[in-house]
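Numbering (the numbering used here), first residue to last: 25 to 192.
Each residue gets a CB set at the ideal place from its N, CA and C atoms; glycine is no exception.
Being a predicted model, the structure only gives us computed values, none of them experimental.
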Amino acid sequence: MSRNHPVKEAIRDATFSLMHEKKMEDITVSEIIALAGVSRMSFYRHYTCKENVVLVTIRDILDEYYSTDEYDISDVTSHVNLVRAFEWFHRYGHLILGLYHCGIMDVLLDEITQYREVVSGNMPASSILRYRIYMYAGALCNTAFRWLLEGEKETPEEMADVFLNVFP
């Protein structure tokens, strides 16, 4: 692990903590660095702006998810992959709920949708099948988000079962 990892993590954690309290436009870099206990120079060494903290964090945690050996991109709607998706939402629930409280859930949805477009291959922009990608990504994000908001009363396995009953 590099020396910079703890600094980036502190900035990320501070940013997402503040996102639970206020909208992104009301958060300042000064607040982030004070809460993170890092210098302004350290902040700008890793990020271009406060919004970049959010985007980099989302991309990092999605990259981690997509790069694991057991992930088979050819069948994202399998029961195993859906359980794994709900486990991922559980693991990063605090960050995801921070996006909600801050009013920027669309950033996560956009990143998940873009990834699904890439792994779906060379589909013509005119193909009506591309809407299936948007339906799946939107339904998964919205369902997982509501599950987090309601306290995760069901297990990831139960959520995968419910999802597969709607999207077989």
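In terms of residues, what are the limits of the alpha helix (DSSP H) holding residue i?
{"i": "residue 74", "result": "74 to 91"}
{"i": "residue 51", "result": "Per DSSP, residue 51 belongs to no alpha helix (DSSP H) and is neither H nor E."}
{"i": "residue 169", "result": "154 to 173"}
{"i": "residue 116", "result": "That residue, residue 116, is in no alpha helix (DSSP H); it is neither H nor E in DSSP."}
If you drop the 5 nearest sequence neighbours on each side, which residues of the same chain put their C-beta closer than 6 Å to that of residue i?
{"i": "residue 26", "result": "Confidence in residue 26 is poor, its pLDDT being 46 and thus under 50, which makes the residue's placement too unreliable to answer from."}
{"i": "residue 81", "result": "36"}
{"i": "residue 40", "result": "119 and 122"}
Near residue i, what residues of its chain come up, given a Cβ to Cβ distance below 8 Å and the 5 sequence neighbours on each side ignored?
{"i": "residue 48", "result": "74, 75, 78, 126, 127 and 128"}
{"i": "residue 233", "result": "In the structure as shown, the chain begins at 25 and stops at 192. Residue 233 is therefore absent and cannot be evaluated."}
Looking at residue j and residue i, is the spacing between their C-beta atoms short of 9 Å?
{"i": "residue 163", "j": "residue 109", "result": "no"}
{"i": "residue 117", "j": "residue 59", "result": "no"}
Taking residue i as the reference, which of the options has the closest Cα?
{"i": "residue 92", "options": "101, 112, 103 and 102", "result": "112"}
{"i": "residue 158", "options": "176, 170 and 139", "result": "139"}
{"i": "residue 31", "options": "134, 71 and 46", "result": "71"}
Between which residues of its own chain and residue i is the CB-CB distance below 7 Å, once the five residues before and five after are set aside?
{"i": "residue 176", "result": "114"}
{"i": "residue 62", "result": "31, 34 and 35"}
Since residue i and residue j should fall inside the 8 Å C-beta cutoff, what is the C-beta to C-beta distance between them, to a whole number of angstroms?
{"i": "residue 67", "j": "residue 56", "result": "7 Å"}
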